[in-house]
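Undergrad:
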Amino acid sequence: MSHAQPASDSVLLDVRADFPALDQSVNGHPLVYLDSAASAQQPSSVIDMVAEYQAHDHSNVHRGVHTLSHRATEAYEGARDKLVRFVNASSRSEIVLTSGTTESINLVAQSFCRPKIGPGDKILITHLEHHANIVPWQIVCEQTGAELVVAPIDDRGQVKPDELRALMTDDVFLLGIGHVSNALGTVNPVKEIVRWAKECDIAVLIDGAQGVPHMNVDVQDIGCDFYAFSGHKMFGPTGTGVLYGREELLEAMPPWKGGGDMILEVRFDGTVYNELPYKFEAGTPNIAGVIGLGAAVDYLTNLDLDRVAAHEHYLLSYLMDKLGAVDGVRLIGTAETKASVQSFEIDGVHPHDVGTILDHQGVAIRTGHHCAMPVMDFFGVPGTARASLAMYNSVEDVDRLVDAIDKAKQIFA
Ligand code: PMP
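Quick note, the sequence shown lines up with residues 478 to 890 if you use the numbering used here.
Structural data, given as structure tokens:
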């Protein structure tokens, strides 16, 4: 990896005690949770915040005149303010609250792209993408006659920069690209890629589901038009997410879903839509979840994401060294710049069997295609075993993983 290695383990954090779910035994062993790329555990501060809201303040937001509704609205909108600062958006109008990355990307496909593209236009993505950053574009291409173009990757799991650039032609309307690959951990140089795209007047959506939990993200510095992410990957509740969009673009986009809250006035002869960001937030939202997401932002901000990144880089290089040295283990995804994820396979053992044997030893990893079937096809495997790290993991967790893999190998020897 290109990241400078810390001289010692002094960068390591010790926050495990903040996460109650980690304090348990699974199959008779203390839990080692290495599946945070699928869903991260939540700190007590998030869990308590949600419980407090449910116990005392629950009510519907925005329309109520009574005290509970005021409290709920204040906490809900307060979370939006925290998210504005978290990714350095220019204003609250630019933070649309969604159910997750998937919904955020579909919103852009249907509201930004669909009205504007047709035959002869292209949507550009890369071979590294999660299905959530593939299928919404396939759907909009089917609906409009536009073409989906895929930039290739190399055998370390990196997008080939020259080829990506060569595909940025005049007829490309939008580039959809992941910040960090969930299957391989590859970090894309998104700021540079956005600069290339802007030279060709191409809109850029970044799938940041695996970006925000691991590094400081400044959407204005990156220069992207849209940045999508999910609450549950960043230590918040499931069913919450964000679409950051540049105000000028969101302003010009039609609503995607219709219903309550996204309107100012409804008559049978026409409806006036609400202002941003509410134009894109139809219906009663996930109030408790969003309030919990606000608490997750507080947790991450207090901890300092640069420290989190340093901790995880240290652990990832330790994991890659240890795992790479095990006989019969092949690391899949060895990009120059990586974050927090390592896919691997063990000679002669199906990934699902690896996952099951590890679970028997209290080690939770993910196995399968990781919603990135094209990546699996590229490496010629049906799936991989994947260990993903978060701030609460430790050197001991990695050692337990390696010991458990040794055991799995003995069982299948
Ligand atoms: N993109 C990436 C890179 C992801 O890792 C995920 C979740 N695995 C998604 C998109 C979809 O996120 P969600 O299911 O929270 O909408």
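Every residue, glycine too, gets a C-beta built ideally from N, C-alpha and C.
Keep in mind it's a predicted model, so treat the numbers as computed, not measured.
Beta-carbon within less than 8 Å of H788's beta-carbon, same chain only, minus the 5 sequence neighbours each way: which residues are those?
TA: Working through the sequence shown from its first residue, we reach residue 788 at position 311. Counting only Cβ-Cβ distances below 8 Å, and skipping sequence neighbours, we find V488, L489, L490 and M868.
Undergrad: Taking three-plus beta-carbon pairs below 8 Å as touching, is the region 712–731 in contact with the region 563–579?
TA: Touching, per the Cβ criterion.
Undergrad: Output the boundary residues of the beta strand (DSSP E) element that contains Q819.
TA: Your numbering for residue 819 matches position 342 in the sequence shown. Its beta strand (DSSP E) spans residues V818 to I823.
Undergrad: Below 8 Å, how does it come out for the region 750–759 and the region 772–779: are there three or more Cβ pairs, yes or no?
TA: At 8 Å Cβ cutoff, the stretches do not touch.
Undergrad: From this set, P762, I888, V667 and A729, which residue's C-alpha is nearest G688's C-alpha?
TA: On the sequence shown, residue 688 is found 211 positions in, with the first residue counted as 1. Comparing Cα-Cα distances from G688 to each of P762, I888, V667 and A729, the minimum goes to V667.
Undergrad: Is any heavy atom in the ligand PMP found nearer than 7 Å to the beta carbon of T621?
TA: On the sequence shown, position 144 is the one that residue 621 refers to. It does not: the Cβ of T621 is nowhere closer than 7 Å to a heavy atom of the ligand PMP.
Undergrad: For E624, which option in Q518, V649, P638 and H604 has the closest C-alpha, if you only look at C-alpha atoms?
TA: Translated into positions along the sequence shown, residue 624 becomes position 147. Measuring from the Cα of E624, the nearest candidate turns out to be V649.
Undergrad: Beta-carbon within less than 6 Å of P596's beta-carbon, same chain only, minus the 5 sequence neighbours each way: which residues are those?
TA: What you label residue 596 is simply residue 119 of the sequence shown in a count that begins at 1. Here the set comprises G622.
Undergrad: By the DSSP assignment, the beta strand (DSSP E) with F496 in it spans what residues?
TA: Within the sequence shown, numbered from 1, the residue matching residue 496 stands at position 19. Here F496 belongs to no beta strand (DSSP E), and DSSP marks it neither H nor E.
Undergrad: Give the single residue among D486, F563, A680 and I823 whose Cα lies nearest to the Cα of V879.
TA: Taking the first residue of the sequence shown as 1, we reach residue 879 at position 402. Of D486, F563, A680 and I823, the residue nearest in Cα terms is I823.
Undergrad: Rounding to the nearest angstrom, what Cα-Cα distance links H829 and V612 in this structure?
TA: As a first step, residue 829 must be located in the sequence shown, where it is residue number 352. As a first step, residue 612 must be located in the sequence shown, where it is residue number 135. Looking at the two C-alpha atoms, the distance is approximately 25 Å.
Undergrad: Verify the contact flag: S568, CB atom, against every heavy atom of the ligand PMP, threshold strictly below 7 Å.
TA: In the sequence shown, counting from the first residue as 1, residue 568 sits at position 91. False, no ligand heavy atom lies under 7 Å from that Cβ.
Undergrad: Taking only three categories from DSSP, how would you classify A552?
TA: Counting from 1 along the sequence shown, the entry for residue 552 is found at position 75. In the structure shown, A552 sits in a helix (DSSP, three-state: H, G or I).
Undergrad: Among residues of its own chain, excluding the 5 on either side of N537, which ones have a beta-carbon nearer than 8 Å to its beta-carbon?
TA: Residue 537 sits at position 60 when you count from the first residue of the sequence shown. These residues qualify, in order along the chain: S546, A549, T761 and I764.
Undergrad: Counting Cβ pairs, one atom from each stretch, are 3 or more of them under 8 Å apart for the region 859–876 and the region 840–848?
TA: Cβ pair count under 8 Å is three or more, so yes.
Undergrad: Go to K599, then tell me how far its alpha helix (DSSP H) extends in each direction, as first and last residue.
TA: For the purposes of this step, residue 599 is taken as the residue at position 122 of the sequence shown. Note, K599: premise wrong, no alpha helix (DSSP H); beta strand (DSSP E) at K599 to T603.
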